[in-house]
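Count along the sequence shown starting at 1, add 1, and that's the number in the numbering used here.
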Amino acid sequence: MRFRPCIDIHQGKVKQIVGETLQADASKVIENFVSERDAAYYASLYREDGLTGGHIIMLGGGNRDAALSALRAYPGGLQIGGGITAENAAEYLGAGASHVIVTSYVFRDGQLHLDNLRRIASEAGKERLVLDLSCKERDGKWYVVTNQWTTFSDLEVNERTVRELEQYCDEFLIHAVDVEGKREGVQEKLAAKLAEWARIPATYAGGARSIGDLARFRELTGGKLDITIGSALDIFGGTLPYREVVDYCNPPLPR
2 MRFRPCIDIH
12 QGKVKQIVGE
22 TLQADASKVI
32 ENFVSERDAA
42 YYASLYREDG
52 LTGGHIIMLG
62 GGNRDAALSA
72 LRAYPGGLQI
82 GGGITAENAA
92 EYLGAGASHV
102 IVTSYVFRDG
112 QLHLDNLRRI
122 ASEAGKERLV
132 LDLSCKERDG
142 KWYVVTNQWT
152 TFSDLEVNER
162 TVRELEQYCD
172 EFLIHAVDVE
182 GKREGVQEKL
192 AAKLAEWARI
202 PATYAGGARS
212 IGDLARFREL
222 TGGKLDITIG
232 SALDIFGGTL
242 PYREVVDYCN
252 PPLPR
C-alpha cells in the first residue's frame, strides 16, 4: 500500500470539496478547503518527498494553466484527469504527465463507449492510461458516476467489468463518492472488493481521516490497493499530519 498524493483544482485554485456537490451551479459546491498556495507548490512538495503516482484532477473548466504549472514542477511524477479526451491527451503527456486519467470521455450519456476507450488507449498508450471508475452505491451495488459525479452510468463496478476494462489501461482510480470529502472513514466493503477484483494497480480515494483508517484499509485490502487522502490532511486544512501519512505509507528505503 502506497500513499498517492492529490491536487484537486477548481476554478483555478487548489481546493478540497465534497465531491457529490459538484454541479453546474458553483454556489452549491461545498468547499472544505481553499488553499492560498498554488498547484505547483504541492507538486514540488510531492517531488521533494519522492511521492510518485499522485494525480491532478481538474474539476471543471478554467483549470488548465494551474494544472500545467503543476506538471512542469514535477515532470513525470503526476497523473492528470478532468476533461481528458483522445484529442488532448498528448498535450498533457507532452507537458509532463506520467498518465492521463479518463472518465466522462469514456462514460457518456450513462453508457460505456468502448470505441472512445479504445481510441484514447491507442492515442495515449495503454501503459499511460488510468481509467477512473469512481462510483456511488445504489441498491447494494456500485455504479460508475460521471459529469462531475452527478450522473449514474449503467456500468456496475464488479469483478466482471473490472477484469474486462483492465485490458485497456495501466491503472484504475476509484473515488468512493458517497464518502468522498466527508472524513467519515473508508467505504470498507468497496475497498475490500476492489482488492479482490483488480489485477492491475488501483488507487482508492474517499473518507480516510486517520492513521487508524489507513491501518484498517491495509487490513481490508491486504495492502493490494494504494490510497489517496485529501481534505483530512493538514496541508489541506484537516487534522491528519501529512508527514505522518507519508512516513506510514511510504517509509524511506533502508540504506
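We treat Cβ as the ideally placed atom computed from N, Cα and C, and that holds for glycine. Because the structure is a prediction, the values reported are computed rather than measured.
>> Tell me the rounded alpha-carbon separation between I18 and E138.
In response: Straight across, the Cα-Cα distance linking I18 with E138 is about 20 Å.
> Under three-state DSSP, which class holds C136?
Replying inline: The answer is strand: DSSP assigns C136 an E or B state.
>> Would A90 and A125 be called neighbours here (beta carbons separated by less than 7 Å)?
In response: Yes.
>> Give me the DSSP bridge partner(s) of D227.
In response: Answer by DSSP bridge pairing, in chain order: T204.
> Start and end of the beta strand (DSSP E) containing L156?
Replying inline: Element bounds for L156: 152-157.
>> Checking 7 Å against the spacing of the C-beta atoms, do L130 and D171 come in under that value?
In response: It is a contact, given that the beta carbons lie within the stated cut-off.
> From which residue to which residue does the beta strand (DSSP E) around K190 run?
Replying inline: Taken as a continuous stretch (DSSP letters only), K190 belongs to no beta strand (DSSP E), being part of the alpha helix (DSSP H) at 189-198.
> What are the boundary residues of the alpha helix (DSSP H) that Y93 is part of?
Replying inline: Y93 -> alpha helix (DSSP H) spans 90-95.
> To the nearest angstrom, how far is it from the Cα of D50 to the Cα of A122?
Replying inline: If you take the alpha carbons of D50 and A122, they lie about 30 Å apart.
> In terms of residues, what are the limits of the alpha helix (DSSP H) holding F218?
Replying inline: Looking at the DSSP string, the run of the alpha helix (DSSP H) that includes F218 is 212-222.
>> Using only the alpha-carbon positions, how far apart do V146 and C136 sit?
In response: Whole-angstrom Cα-Cα distance: 5 Å.
> Per DSSP, what kind of secondary structure is A177 in: helix, strand or coil?
Replying inline: In this structure, A177 counts as strand in the three-state DSSP scheme.
>> With distance defined between alpha-carbon atoms, name the residue in I31, G231, P242, V15 nearest to I212.
In response: When only C-alpha atoms are compared, the closest one is P242.
> Looking at the unbroken alpha helix (DSSP H) that takes in N117, where does it start and where does it end?
Replying inline: From DSSP, the alpha helix (DSSP H) with N117 extends over 115-125.
> Going by C-alpha distance, which of S105, D39, P252 is nearest A71?
Replying inline: Closest option to A71, judged by alpha-carbon separation, among S105, D39, P252: D39.
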